[in-house]
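Worksheet for the structure shown next.
Numbering (full-length UniProt numbering), first residue to last: 1 to 282.
This is how it looks when you write it as structure tokens:
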């Protein structure tokens with residue numbers, strides 16, 4: 001069994017749930033809440049909707065089971081906190097200043113420090129025990145490498161073409177410089193985290209089982225908002241979405257979503273597999 005959640009873990013998560021719900025509802029329902037280009041407003045409102053329909057339910061369910069000492073619940077809770085950290089940092093640095101700026105900063109800070117506090121108190125050995133013999137680590141590690149490199153290729157293609165031609169990326173011309181925030185977060189934090197998790201999982205390092213689960217749940221939770229935003233941009237004419245960009249957008253998050261479900265379902269609460277030989281599943 002993983003370590004029990006601290007009282008402050010629970011309280012801060014409940015605060016995130018409440019504040020995120022209020023922020024997202026205001027973003028959806030309050031006229032003129034976002035003071036950005038129409039294409040970005042549509043993206044922000046889609047993000048608000050997916051926070052309400054996906055992000056918050058996943059965080060609430062993860063918290064509930066993590067409070068019971070479930071390794072499965074712990075991984076879902078941590079992954080949802082990673083999603084919350086990513087989302088609210090993106091909002092805080094991308095959205096034009098409005099009345100909820102300090103709320104966005106508070107959500108980012110609460111999510112980040114709760115995630116860090118949750119990670120350092122996680123019993124990584126219990127998570128490994130719940131997964132060992134039930135997954136093919138080489139398969140998941142390889143898939144994570146593909147996801148990480150696909151995400152890197154998506155953003156580096158924008159940057160490399162702009163640098164080679166001495167111009168700025170097309171997305172900056174169409175949506176403004178704040179659109180590059182995703183490039184910074186993904187290339188600077190998400191991609192290295194995915195590749196490090198893949199390397200540690202492949203080498204069967206104990207913490208690799210934890211980090212791989214966290215980044216998979218992060219990717220699965222992001223899948224809804226990223227896919228919806230890509231479809232909206234592709235159907236409109238404010239932001240250009242090339243077929244290559246669409247493929248490199250959908251493919252990594254779709255793979256992460258499938259793998260996250262299989263990874264979490266493979267966890268067995270720390271009991272060893274029945275029968276002599278360890279069984280492995282994809």
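Glycine residues also receive a C-beta, built at the ideal position from the N, C-alpha and C atoms.
Query, Result
"Distance between residue 170 and residue 124 (C-alpha atoms, nearest Å)", "43 Å"
"Nearest-angstrom Cα separation, counted from residue 93 out to residue 60", "26 Å"
"Through-space distance from residue 36 to residue 12, alpha-carbon basis", "30 Å"
"Inter-residue CB distance, residue 48 and residue 24 (contact presumed, cutoff 8 Å)", "4 Å"
"Whole-angstrom distance between residue 98 and residue 33, CA atom to CA atom", "7 Å"
"Contact set for residue 26: own chain, Cβ-Cβ below 8 Å, skip 5 residues either direction", "33 and 100"
"Given residue 173 as reference, the closest of 87, 217, 22 and 39 once Cα atoms are compared", "39"
"Same chain, Cβ closer than 6 Å to residue 198, neighbours up to 5 away in sequence not counted", "141, 144 and 145"
"Exposure of residue 72, with buried meaning 16 or more beta-carbon neighbours within 10 Å", "buried"
"Residue 125: first and last residue of the uninterrupted alpha helix (DSSP H) it sits in", "124-131"
"Span separating the alpha-carbon of residue 225 from that of residue 44", "9 Å"
"Residue 81 and residue 109 closer than 8 Å at C-beta", "no"
"Rounded C-alpha distance that separates residue 223 from residue 5", "27 Å"
"Beta-carbon gap between residue 194 and residue 210 smaller than 8 Å", "no"
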